[in-house]
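If you read the sequences in order, they're chains A and B.
The first sequence runs 121 to 290 under our numbering.
The second sequence runs 121 to 290 under our numbering.
Heads up, the beta-carbon is just placed ideally off N, CA and C, and yes, glycines get one too.
Number of protein chains: 2
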Amino acid sequence: MVSADAITRPADASLDREGETLRDALTELVRVLQFRNRDCLCDREISATQCHALEAVLERGPLTLNALSAALYIEKSTASRVVAGLVKKGYVAKTSHPRDGRAVLLHATETGRRFCAEIQQDLLADCKRLLSDFDPEIRAAMTALISRMARAAAARVDTSGGACCTVDSV
Amino acid sequence: MVSADAITRPADASLDREGETLRDALTELVRVLQFRNRDCLCDREISATQCHALEAVLERGPLTLNALSAALYIEKSTASRVVAGLVKKGYVAKTSHPRDGRAVLLHATETGRRFCAEIQQDLLADCKRLLSDFDPEIRAAMTALISRMARAAAARVDTSGGACCTVDSV
DNA sequence: AAATATAGTTGTTGTTACCAACTATATGGA
DNA sequence: TCCATATAGTTGGTAACAACAACTATATTT
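In structure tokens:
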């Protein structure tokens with residue numbers, strides 16, 4: 121359906137069409153995944169943001185709060201409270217920074233590590249189910265590309281402190 | 121549903137690996153897009169959810185509140201308040217349902233339509249910029265995949281009105 | 001040593017989202 | 001017909017998330 125036709129057409133037309141498809145699909149996907157995350161996580165009494173924070177702490181080693189807030193694109197005050205929740209649940213521990221008395225270093229606890237692994241396992245199963253519909257070669261290319269897309273999208277985001285514009289509520 | 125042994129999977133290891141990549145990329149993508157949406161929309165003093173609701177009303181014609189909440193996977197009370205915001209801003213109008221005195225029909229106003237088109241245009245530009253980095257054939261495959269993924273993910277979500285903790289799909 | 005900058009915390013507000021309780025209309029059965 | 005039950009939306013209450021602002025405590029620079 122897309123193969124020969126798309127190539128003979130002007131690149132612009134297919135880009136337009138694909139852009140629309142992508143936009144709509146991404147909109148829907150984000151919405152669905154938000155929902156799925158809520159659904160999957162609330163069982164375990166952890167929120168999506170807390171889960172992201174836990175993952176970030178695990179993946180990127182000991183982190184300061186500032187680094188975490190940058191990684192999640194959220195304000196440091198939000199990060200502070202999210203982390204407070206994780207600490208209360210025993211998934212994350214704070215230690216003081218060896219070289220900076222103001223700063224805090226966040227570590228995942230062993231419980232936190234196991235807990236996160238469980239969740240990751242579930243999400244992995246979900247992703248594998250999704251992927252298993254596709255041919256192996258295509259699958260590999262596509263995952264690589266989505267990954268690249270995520271990075272590209274991330275790169276374009278202005279992470280300057282999660283600053284928004286005027287939040288003038290109507 | 122097809123049981124695992126009914127299908128011969130030649131590349132289980134690669135599926136594992138790709139599943140992980142996909143999971144991580146999706147996590148990041150969702151986060152980035154949430155942020156982008158916030159950032160892009162707050163300019164215009166509309167929230168992501170309100171925007172989704174407006175889109176849904178536009179795309180699916182006159183909708184009842186129940187239908188809207190199903191489309192967005194949110195509780196009807198949430199939908200009610202989100203719509204209240206849109207009505208206050210003049211983007212959506214309520215009319216009474218011709219055949220059901222309890223129900224309400226939601227229409228987008230002309231202002232709402234134009235407003236949504238603007239936003240969609242911006243997001244489209246964004247998606248096109250993203251896509252333009254890739255080769256046309258790959259691009260097409262990628263959009264198709266994301267589109268399909270969104271549908272697949274949506275299909276697996278329990279849309280029974282935003283109910284939480286109904287994880288049967290693991 | 002004083003001024004300035006930075007890391008986190010806390011106060012406050014607004015949105016989103018849930019569940020529960022409620023009102024008003026519809027529908028089905030006795 | 002009339003009452004019971006179901007359904008469509010709204011409102012109350014609560015909690016999480018996320019923003020900005022103001023604050024404390026430590027670092028750094030002048």
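Within chain B, the residues placing a beta-carbon under 9 Å from that of residue 154 of chain A are 150, 154, 193, ordered along the chain.
Residue pairing by DSSP places residue 215 of chain A opposite A/225 in a beta bridge. Annotation for residue 192 of chain B: the continuous alpha helix (DSSP H) segment containing it runs 185 to 192.
Counting only Cβ-Cβ distances below 7 Å, residue 258 of chain A has contacts in chain B at 261, in chain order.
Listed along chain B are 263, 267, each with a C-beta nearer than 7 Å to that of residue 141 of chain A.
By the Cβ-count criterion, residue 197 of chain B is exposed, with fewer than 16 other Cβ atoms from all chains shown falling within 10 Å of its own Cβ. Residue 236 of chain A is positioned such that its CB atom lies closer than 8 Å to that of residue 178 of chain A. For residue 239 of chain A, the enclosing alpha helix (DSSP H) stretches over residues 230 to 251.
At a cut-off of 8 Å between beta-carbon atoms, residue 138 of chain B makes contact with chain A.
Taking the Cα positions, residue 203 of chain A is about 15 Å away from residue 165 of chain A. In terms of Cα proximity to residue 226 of chain B, the closest of B/210, B/265, B/132 is B/210. In the three-state reduction of the DSSP assignment, residue 164 of chain B falls in the coil class, being assigned neither a helical nor a strand state.
Cβ proximity to chain B below 9 Å picks out 240, 242, 243, 244, 245, 246, 247, 248, 249, 250, 251, 252, 253 from the region 233 to 253 of chain A. Here the alpha carbons of residue 150 of chain A and residue 214 of chain B stand approximately 27 Å from one another.
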